Amino acid sequence: QVQLVESGGGLVQAGGSLRLSCAASGSTFSINTIGWYRQAPGKQRELVAAISTGVTTSYADSVKGRFTISRDNPKNTVYLQMNSLKPEDTAVYYCNALVRAKPYEYWGRGTQVTVSS
Numbered sequence: 010q011v012q013l014v015e016s017g018g019g020l021v022q023a024g025g026s027l028r029l030s031c032a033a034s035g036s037t038f039s040i041n042t043i044g045w046y047r048q049a050p051g052k053q054r055e056l057v058a059a060i061s062t063g064v065t066t067s068y069a070d071s072v073k074g075r076f077t078i079s080r081d082n083p084k085n086t087v088y089l090q091m092n093s094l095k096p097e098d099t100a101v102y103y104c105n106a107l108v109r110a111k112p113y114e115y116w117g118r119g120t121q122v123t124v125s126s
C-alpha cells in the first residue's frame with residue numbers, strides 16, 4: 010500500500026507561483042514513477058509532469074518551461090514548482106504513483122489550484 014498526500018494548492022494571481030508537494034508513505038520502495046495530473050471542470054484528467062526513480066522527467070507541452078518536477082528521496086516527497094501561472098492552469102492537481110505490483114497505481118485526493126486573471 011502507498012499513501013499519497015498533496016499540499017500547496019491555493020489561489021494565486023496570473024503570473025504568480027506555487028509549489029505543490031506530494032508526500033508518499035507506506036511501501037514507497039515499490040514506486041517507479043510519480044506524476045502530477047490535473048483536472049479542470051468539464052475536462053478530462055491530464056498528465057502535467059512525471060519523474061521516475063532514475064530522475065527522468067517529462068512534461069506536458071502546455072507547462073514546459075514554466076513547471077519543474079523534482080523529488081527529495083529521503084523525504085519521499087515529489088514537488089511541482091509552478092511559475093508564470095495562467096488562468097488555464099486552474100484545476101485540481103492530483104499526485105499519482107506507479108508501482109511494481111497490483112494495483113499498479115495509487116492516487117492522492119488532490120489539491121485545488123486557482124489562478125485569477
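Throughout the sequence shown, residue numbering follows the numbering used here, covering 10 to 126 in sequence. All residues carry an ideal CB built from backbone N, CA and C; glycine is no exception. These numbers were taken from a predicted model, which means no experiment stands behind them.
Less than 8 Å between the C-beta atoms of residue 43 and residue 60, yes or no? Residue 60 sits close to residue 43, with the two beta carbons spaced by under 8 Å.
Taking the beta strand (DSSP E) that residue 105 falls in, what are its first and last residues? 100-108
Quick one, are the C-beta atoms of residue 101 and residue 47 less than 8 Å apart? yes
Classify residue 64 as buried or exposed, calling it buried when 16 or more other Cβ atoms lie within 10 Å of its own Cβ. exposed
Could you pull out every residue in the same chain whose Cβ sits closer than 6 Å to the Cβ of residue 22, ignoring the five residues on either side in sequence? Cβ contact annotation for residue 22 (same chain, cutoff 6 Å, sequence separation greater than five): 125, in chain order.
Looking at the secondary structure, which residues open and close the beta strand (DSSP E) in which residue 113 lies? Segment: none, residue 113 is in no beta strand (DSSP E) and carries neither H nor E.
Using three-state DSSP, classify residue 62 as helix, strand or coil. coil
Measure the beta-carbon distance from residue 120 to residue 16 and round it to whole angstroms, keeping in mind my assumption that it falls under 8 Å. 6 Å
Taking the C-alpha atoms as reference points, what is the distance between residue 11 and residue 115? 7 Å
For residue 18, count the other beta carbons within 10 Å of its own beta carbon; 16 or more makes it buried, fewer makes it exposed. Which is it? Of the residues assessed, residue 18 falls on the buried side of the cut-off, its CB having 16 or more other CB atoms within 10 angstroms.
Tell me the residue span of the beta strand (DSSP E) that contains residue 11. 11-16
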